[in-house]
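Peer 1:
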Amino acid sequence: MALTHNLGFPRIGARRELKQALEACWRGDIDEQQLQIRAAELRKHHWITQREAGIDLIPAGDFALYDQMLNMTTLLGAVPARFNAGSDEIGLDLYFAMARGTASQPAMEMTKWFDTNYHYIVPEFDAHTRFRIASSKLFREVAEAKALGISPKVVLIGPLTYLYLGKETEPGFNRLDLLAHLLPVYREILARLASLDVEWVQIDEPFLALDLEDDWLSGLDQAYAALAGTGTKLPKLLLATYFEAVDNHAARLKNLPVDGLHIDLCRAPDQLDIFLEGYPTGKVLSLGIIDGRNVWRADLAQALAILAHAQLTLGERLWIAPSCSLLHCPVDLELETRLDSEIKNWLAFSVQKLKEVSILGQGLNQGENAIREKLDASTRARQERRESPRNHNPVMQERLQRLTQNDSQRTSPFEVRQVLQQQRFQFPDLPTTTIGSFPQTPEIRQARAAFRKGELGNLQYLEAMRREIQLAIRKQEEIGLDVFVHGEAERNDMVEYFGEQLCGYAFTENGWVQSYGSRCVKPPILYGDIFRPEPMTVDWIQYAQSLTTKPVKGMLTGPITMLMWSFVRDDQPRSTTALQLALAIRDEVADLERAGIGIIQIDEPAFREGLPLKKANWNEYLKWAVEAFRVSSSGVKDDTQIHTHMCYSEFNDILPAIADMGADVITIETSRSRMELLDGFGQFKYPNEIGPGVYDIHSPRIPETGEMLELLEKACQVINSKQLWVNPDCGLKTRSWPEVVTALERMVEAARQLRAQI
Ligand code: GLN
Ligand code: ZN
């Protein structure tokens, strides 16, 4: 019998119950015990949901009050010394202190979990790091599941992935050296799970999806040799990989002394046969056949055919699962009451995906006829989706066909454009500007909410937003900036705002996905050909421009960011979708230009996160991503100035691509690295203009004029001052007006002082 299982269930709750409980606890509205009760209720509900969906082997240990990596840090007692952990059981106070910081200690760092939008808490390692079982939470949760009559498969992050994703806080120290200390504690954890009658442990080693050095691979062999169950009774291990192909390690993985492997067949369908060939007879192979990273209903007939093929080799040893943990997928489609019913029929969220897994299991075990109706329904839904007129826009497709090299080419090279733009705008040296948004005050949020609920009429809303624009323009006049922005008051979110105005996008009410801690995002669903029925930003920008003689930048979100922060259709290559988005933005750029807007910023904060996990695939991505940006931005006259913005500055490995994007001006985040990250641009001789951020907008601290001046002087040592702009790191929407005004006044003053020097 093929067995069905799940790698992990979203913990935030279908209605974000965990978020509410956490934030209530942090505010002091409920106490720790009440939080724990609510968390236990959620776990119970999730276990029952999975059982009802028909899953045989249900995970425990996938729940976290903040983050699964932080759970491992807690279980392993690897608390950074700066938190003074002591030797007791680690409690919630310390757990949240590591996640969120305290009055005296900054929080542990947070970074992206592989290529997802989920952020984990980065473990900190030094030569003194030692491990011990420091939390009994996991073991308690096993008991909770058992009390429901569920014998769970326990999920742990594997020792190599745990170390790999951490960072060294001591120069010269290699975190892999900690492996020998770590393994005995993993063994102890496994032994304790065995004593609780846990039969299977899923040990996640997604680091295998990355480019790895040999010492890490030898570490893998060493680790699993040490965790093999000789002598002591230990649970069986299912080593789980996901997010990429691991067939380059197939031989090694087949030989590991574990009891099974899980591979991702959604990201890497081609790896199946390599694994099937000579697959060891004593091992389970779990196939991740239902996409855990997307929201589309599966093609069950096709999935069943693949599984049936694998079953010929594997027989009873075939397991069926989603490709990865469902953490990255919304919880339950049933809650969507307002979603168009045609589109809804094309979708599957976590609960529906588990049902798909279960149907496939039934099909394998009882024959196709047992699931005939469901197979047919799935095929029909796929077919309807394929043929639906709302997915296809002939105008857009024809434009894609007609795209030529010329469409991604400005008329003249940068040197020529630069002169024309300077003639037009007459900027001083080191022109000053901001990144786009101004403070999103409670009044703005209230007005937007009231408008959405229909409590505020069109005209009243328009007037409220225009008042905000007036305020922003007046303040910028007072501050003395050179290039203005309208302030983005009308935008709740930089992707949703545009998505709502484009055909081809749908929105959910509850399609939340955890981003970090209690934070969630609700990515829009890009389901069909993208088409822009009418201008999206022109009225706002034009109004702002009417209030001042200074140039106001038009403000758009770029095609790659639109793509990266949405759930994207899986029926055509992402590169095609990116080009469609690019064409829509190109039209908006043209309309802005026609309306007299001379400077247009196309934000691409997500450009870097689109990079594939394996370096070998980078070029292909960069090629189409750069092209999409160029298509969006190249339809303008030479003296129209194109800006782009990215909220980070680790560009060194992709600088040629960044230069290839060809924006006349790029603004980036450099204040926290104290301009160090600008060095790469200098060494590369980055040709176009660049605004390295001098004001860290993430912090409430207002920098002094002298500090910003110092940063600018450093920038001048690396980049010719004729190429430099002066601006904050990112948009100012999370800050308050008084902070913003003071900080920007000082920034403008710093620019003035430096101009006098050069
Ligand atoms: N223009 C946007 C803003 O200022 C850019 C946001 C971002 O980079 N994430 O808010
Ligand atoms: Zn930014």
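Per the working numbering, the very first residue in the sequence shown carries number 1114; after that it's consecutive. Each residue gets a CB set at the ideal place from its N, CA and C atoms; glycine is no exception. Bear in mind that the values here come from a model prediction, so they are computed numbers and not experimental data.
With Tyr1799 as the anchor, note down where its alpha helix (DSSP H) starts and where it stops.
Peer 2: Counting along the chain, Tyr1799 falls outside any alpha helix (DSSP H), and DSSP gives it neither H nor E.
Peer 1: Who pairs with Pro1805 in a beta bridge, going by DSSP?
Peer 2: The partner list for Pro1805 (beta bridge, DSSP) reads Ile1781.
Peer 1: Spatial neighbours of Arg1561 within its chain, please: CB distance less than 7 Å, with the 5 preceding and 5 following residues excluded, ordered by chain position.
Peer 2: Around Arg1561: Asn1605.
Peer 1: Residues in the same chain with beta-carbon distance under 6 Å from Leu1350, minus the five sequence neighbours each way, listed in chain order, please.
Peer 2: Here the set comprises Val1314, Ile1316, Val1371, Asp1372.
Peer 1: Kindly examine the ligand GLN and report whether one of its heavy atoms sits closer than 8 Å to the Cβ of Gly1671.
Peer 2: For the ligand GLN, not one heavy atom lies less than 8 Å from the Cβ of Gly1671.
Peer 1: So which of Met1185, Pro1172, Trp1409, Leu1575 has the shortest CA-CA distance to Lys1266?
Peer 2: Nearest option by C-alpha distance: Pro1172.
Peer 1: Measure the Cβ-Cβ separation of Ser1438 and His1118 and say whether it is below 9 Å.
Peer 2: Not closer than 9 Å, so no.
Peer 1: Using only the alpha-carbon positions, how far apart do Ile1810 and Arg1848 sit?
Peer 2: Distance between the alpha carbons of Ile1810 and Arg1848 is about 7 Å.
Peer 1: The ligand ZN heavy atoms versus the CB of His1758: any closer than 8 Å?
Peer 2: Yes, the beta carbon of His1758 sits closer than 8 Å to at least one heavy atom of the ligand ZN.
Peer 1: Which term fits Arg1151, buried or exposed, when burial requires 16 or more other beta carbons within 10 angstroms of its beta carbon?
Peer 2: That one is buried.
Peer 1: When you compare the CB positions of Phe1176 and Arg1124, do they come within less than 9 Å of one another, or not?
Peer 2: Contact flag set, yes.
Peer 1: Curious, which full-length beta strand (DSSP E) runs of at least 3 residues does the region 1695-1781 contain?
Peer 2: Whole beta strand (DSSP E) segments, 3+ residues: 1712-1716, 1754-1758, 1778-1781.
Peer 1: Nearer than 8 Å: is that true of the beta carbon of Ile1548 relative to any heavy atom of the ligand ZN?
Peer 2: Ile1548 Cβ: within cutoff of the ligand ZN.
Peer 1: So the beta strand (DSSP E) Leu1448 belongs to, where does it begin and stop?
Peer 2: That residue, Leu1448, is in no beta strand (DSSP E); it is neither H nor E in DSSP.
Peer 1: Under the criterion of a Cβ to heavy atom distance below 8 Å, does Pro1718 qualify as lining the ligand ZN?
Peer 2: Result yes, Cβ under 8 Å from the ligand ZN.
Peer 1: Please list, in chain order, all residues of the same chain as Ala1381 whose beta carbon is under 8 Å from its beta carbon, the five residues on each side excluded.
Peer 2: Cβ neighbours of Ala1381 beyond the five flanking positions: Glu1357, Ala1358, Val1359, Asp1360.
Peer 1: So what's Asp1239 in DSSP terms, helix, strand or just coil?
Peer 2: In the structure shown, Asp1239 sits in coil (DSSP, three-state: anything other than H, G, I, E or B).
Peer 1: Is the Cβ-Cβ distance between Val1268 and Gly1174 less than 9 Å?
Peer 2: In this structure, Gly1174 lies closer than 9 Å to Val1268 by Cβ.
Peer 1: Quick check: Leu1460 and Arg1410, are their CB atoms within less than 9 Å of each other?
Peer 2: In this structure, Arg1410 lies closer than 9 Å to Leu1460 by Cβ.
Peer 1: In angstroms with no decimal places, state the Cα-to-Cα distance between Leu1543 and Gly1593.
Peer 2: Looking at the two C-alpha atoms, the distance is approximately 13 Å.
Peer 1: Return the residue from the list Thr1780, Gln1796, Arg1213 that minimises the CA-CA distance to Val1807.
Peer 2: Taking only the C-alpha atoms, the option nearest Val1807 is Thr1780.
Peer 1: Cα separation between Glu1283 and His1241?
Peer 2: C-alpha separation (whole angstroms): 10 Å.
Peer 1: Taking the runs of the alpha helix (DSSP H) that are 4 residues or longer, which of them lie wholly in the region 1457-1542?
Peer 2: For the region 1457-1542, whole alpha helix (DSSP H) runs of length 4 or above, ordered along the chain, are 1463-1479, 1485-1500, 1507-1515, 1527-1538.
Peer 1: What is the rounded straight-line gap between the Cα of Val1665 and the Cα of Cys1760?
Peer 2: Their Cα atoms are separated by approximately 21 Å.
Peer 1: Would you report the Cα separation of Thr1650 and Tyr1355, rounded to the nearest angstrom?
Peer 2: Going from the Cα of Thr1650 to the Cα of Tyr1355 covers about 40 Å.
Peer 1: Does the region 1623-1638 come into contact with the region 1783-1796, if we say contact requires no fewer than three beta-carbon pairs (one atom in each stretch) closer than 8 Å?
Peer 2: No, because fewer than three Cβ pairs between the region 1623-1638 and the region 1783-1796 fall closer than 8 Å, the two stretches do not touch.
Peer 1: According to DSSP, is Gly1819 part of a helix, a strand, or is it coil?
Peer 2: Residue state, collapsed to three classes: helix.
Peer 1: List the DSSP bridge partners of Gln1627.
Peer 2: Partner(s): Cys1633.
Peer 1: Is the Cβ-Cβ distance between Gly1167 and Ser1471 less than 9 Å?
Peer 2: A contact, by the Cβ cut-off of 9 Å.
Peer 1: Counting along the chain, where does the beta strand (DSSP E) carrying Tyr1392 start and finish?
Peer 2: Neither: Tyr1392 is in no beta strand (DSSP E) and is coded neither H nor E.
Peer 1: Give me the residue from Leu1724, Val1608, Arg1579, Lys1468 with the minimum Cα distance to Gln1655.
Peer 2: It is Arg1579 whose Cα lies nearest to the Cα of Gln1655.
Peer 1: Can you tell me which of the three DSSP states Met1788 falls into?
Peer 2: Correct three-state label for Met1788: coil.
Peer 1: Compare the beta carbon distance of Leu1155 and Leu1131 with 9 Å and say whether it is the shorter of the two.
Peer 2: In contact: Leu1155 and Leu1131 (Cβ atoms closer than 9 Å).
Peer 1: For Met1211, report the span of its beta strand (DSSP E) as first-last.
Peer 2: Where Met1211 is concerned, there is no enclosing beta strand (DSSP E), although the alpha helix (DSSP H) it sits in stretches over 1205-1213.
Peer 1: Using the C-alpha atoms, what's the distance from Leu1425 back to Asp1489?
Peer 2: Their backbone Cα atoms lie some 24 Å apart in a straight line.
Peer 1: Could you tell me which uninterrupted alpha helix (DSSP H) segments, each at least 4 residues in length, are contained entirely in the region 1118-1157, listed from first to last along the chain?
Peer 2: The qualifying runs are 1130-1140.
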